[in-house]
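*Asks:* Supplied in structure tokens, the structure appears directly below.
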Amino acid sequence: MQKMTIDNGLAFLESNRSYIESKVYEKKYNKITYADLIPVSNEAGEWAESITYYTMDTAGAAKWIGDKSFDVPLAEVSTGKVSVPVRMGGVGYGYSLEELGTAQMVGRPLTEMKASGARRASEEFIQNVAMTGDADVGFEGFINNSNVPTGNATNGTWSTATAAEILQDINDLFSSVNEDTNDNEMADTLVLPIAQWNLIMSTPRSADSDTTIAQYVVANSPFISSLDRIKKITELKGAGVGATDRMMVYTNDPDKVVFHVPMPYKFLPTQPKGLGFEVPGMFRVASVEFRYPLSAAYSDGI
């Protein structure tokens, strides 16, 4: 049996890494929902320091003028610049020489458990940043963004509300986006806490109906076109003012809302450390941006 050293330990670890990491990247994790809910962009490039975009608005009004008038009203264009910083996070995994020596002695390949744990930790961190932001670094989240209008449900407390009252709360929220933007925006996705999602997916529209509340919404609402547009996430429970449950509607379009992940999580080269090795991992993300804030709305108290 060959003695385990730093050199052959590194060789043994590296011979297993491609298998380990390919298996890790194949995995889909439950409750990691940010990529399903928010358009994710990697366009900025891995080492972008910030994400910058420009807004533009026009102002001006036509008026009657005479056929020889030189006083023609002019339209003006105003532009604004918005920059969102990018921050780096990391988590990795490691093996001791003893672990590598034992695995080599019994002819057992290294498992992907440690690498999977590292990637899972990174995804959970990114999920939290995407959903609720991080006030310490000035990041705002998807479900608590200060740019998104917030109100109270007309009826609320869905656990005791009638089907008609629940339908009114949903329709009121979709309608508020359309009305507040003078018909320029129509939200197309509804997001609910898990309990309320379960409720509308299983509760009949009325006592003599074989259609659920959710099916009725899809069949009759001008805003939402399929059950796939009704989402559920754990983070909305208690997310409202006074720790009440919150629902939200928004337009699922990268022109309206985007989450920048310039560098998705990746593993770096193996590094010897003490009597073992570390495989660092890193990622770089920015804050969730509602580029058209009025294309979304929150409603609390459901």
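Note that the sequence shown covers residues 1 to 302 in our numbering. For each residue, glycine too, the CB sits at the ideal point set by N, CA and C.
Quick check: the Cα distance between Tyr329 and Thr234, rounded to an integer number of angstroms?
*Replies:* No information on residue 329 is available, as it lies outside the stretch 1 to 302 that the chain covers here.
*Asks:* For Ala153, count neighbouring Cβ atoms within 10 angstroms of its own Cβ and tell me buried if that reaches 16, exposed if not.
*Replies:* Label assigned to Ala153: buried.
*Asks:* Could you tell me the alpha carbon to alpha carbon distance between Ala130 and Lys273, rounded to whole angstroms?
*Replies:* Each residue's Cα considered, the two are about 33 Å apart.
*Asks:* Just mark Glu185 as buried or exposed, buried being the case when its beta carbon has 16 or more other beta carbons within 10 Å.
*Replies:* Glu185 comes out buried.
*Asks:* Take Ala48 as the anchor and find which of Pro85, Tyr29, Ala214 has the nearest alpha-carbon.
*Replies:* It is Pro85 whose Cα lies nearest to the Cα of Ala48.
*Asks:* On the three-state DSSP scale, how would you describe Tyr292?
*Replies:* Of the three classes helix, strand and coil, the one that applies to Tyr292 here is coil, per DSSP.
*Asks:* Among residues of its own chain, excluding the 5 on either side of Ser41, which ones have a beta-carbon nearer than 6 Å to its beta-carbon?
*Replies:* Cβ neighbours of Ser41 beyond the five flanking positions: Val258, His260.
*Asks:* Ile6: buried (16+ other C-beta within 10 angstroms of its C-beta) or exposed?
*Replies:* Label assigned to Ile6: exposed.
*Asks:* Can you name the residues that DSSP bridges to Gly318?
*Replies:* An answer regarding residue 318 cannot be provided, because it is not within the stretch 1 to 302 covered by the chain.
*Asks:* For the stretch 269-287 against the stretch 84-104, do three or more pairs of beta-carbon atoms, one drawn from each stretch, fall closer than 8 Å, so that the two count as touching?
*Replies:* Contact holds: three or more Cβ-Cβ distances are below 8 Å.
*Asks:* Entirely within the stretch 188-275 and at least 4 residues each: give me those alpha helix (DSSP H) ranges in chain order.
*Replies:* If we require 4 residues or more, the alpha helix (DSSP H) runs fully inside the stretch 188-275 come out as 194-202, 213-220.
*Asks:* Which one or two residues does DSSP pair with Tyr298 in a beta bridge?
*Replies:* For Tyr298, which the question treats as bridged, DSSP gives the partners Thr150, Met248.
*Asks:* So, under 8 Å CB-CB, Leu110 and Asn8 are touching, yes? Tell me the CB distance rounded to an integer number of Å.
*Replies:* No, Leu110 and Asn8 are not in contact; Cβ-Cβ is about 14 Å, not under 8 Å.
*Asks:* Enumerate, from N- to C-terminal direction, the unbroken beta strand (DSSP E) stretches of 3 or more residues contained entirely within the stretch 110-184.
*Replies:* You should have 150-152.
*Asks:* Among the residues of its own chain, which have a CB less than 7 Å from the CB of Asn155, if the five just before and after it don't count?
*Replies:* Around Asn155: Ala161, Glu165, Gln168, Asp169.
*Asks:* Give me the Cα-Cα distance between Ser299 and Ala195, rounded to the nearest whole angstrom.
*Replies:* Computed Cα separation, rounded: 16 Å.
*Asks:* Check whether the stretch 248-256 touches the stretch 205-214, counting contact only when three or more Cβ pairs, one atom from each stretch, lie closer than 8 Å.
*Replies:* No, because fewer than three Cβ pairs between the stretch 248-256 and the stretch 205-214 fall closer than 8 Å, the two stretches do not touch.
*Asks:* What are the start and end residues of the alpha helix (DSSP H) that includes Met105?
*Replies:* Its alpha helix (DSSP H) spans residues 97-105.
*Asks:* Which whole-angstrom value describes the C-beta separation of Met105 and Val191, a residue pair presumed to lie in contact below a C-beta threshold of 8 Å?
*Replies:* Incorrect: roughly 52 Å between the Cβ atoms, too far for contact.
*Asks:* Let me know if Trp64 comes out buried or exposed under the rule of 16 or more other beta-carbons within 10 Å of its beta-carbon.
*Replies:* The residue is exposed, with fewer than 16 neighbouring Cβ atoms inside 10 Å.
*Asks:* For Asp245, count the other beta carbons within 10 Å of its own beta carbon; 16 or more makes it buried, fewer makes it exposed. Which is it?
*Replies:* With 16 or more other Cβ atoms within 10 Å, it is buried.
*Asks:* With distances taken from CA atoms, which of Phe283, Lys266, Arg229 is nearest Ile38?
*Replies:* Checked all of Phe283, Lys266, Arg229; the closest Cα to Ile38 is Arg229.
*Asks:* So, for Val24: in the same chain, excluding its five sequence neighbours on each side, which residues have a beta-carbon less than 6 Å away from its beta-carbon?
*Replies:* Closer than 6 Å at Cβ, skipping near neighbours: Glu112, Ala115, Ser116, Arg119.
*Asks:* Kindly identify the DSSP beta-bridge partner or partners of Pro303.
*Replies:* No answer is possible for residue 303: it lies beyond the span of the chain, which begins at 1 and ends at 302.
*Asks:* Determine the extent of the beta strand (DSSP E) in which Val24 is found, giving its start and end residues.
*Replies:* That residue, Val24, is in no beta strand (DSSP E); its alpha helix (DSSP H) goes 6-26.
*Asks:* So what's Ala286 in DSSP terms, helix, strand or just coil?
*Replies:* The answer is strand: DSSP assigns Ala286 an E or B state.
*Asks:* Whose C-alpha, out of Lys232, Asn178, Lys266, is nearest the C-alpha of Ser22?
*Replies:* Comparing Cα positions, the closest option is Lys266.
*Asks:* Note down the Cα distance separating Gly92 from Gly240, rounded to an integer number of angstroms.
*Replies:* Approximately 35 Å between the Cα atoms of the pair.
*Asks:* Taking C-alpha atoms, which residue in Ser50, Phe125, Gly45, Lys31 lies nearest to Gly281?
*Replies:* Ranking Ser50, Phe125, Gly45, Lys31 by Cα distance to Gly281 puts Phe125 first.
*Asks:* Which value, in whole angstroms, describes the spacing of the CA atoms of Phe142 and Ile32?
*Replies:* Whole-angstrom Cα-Cα distance: 14 Å.
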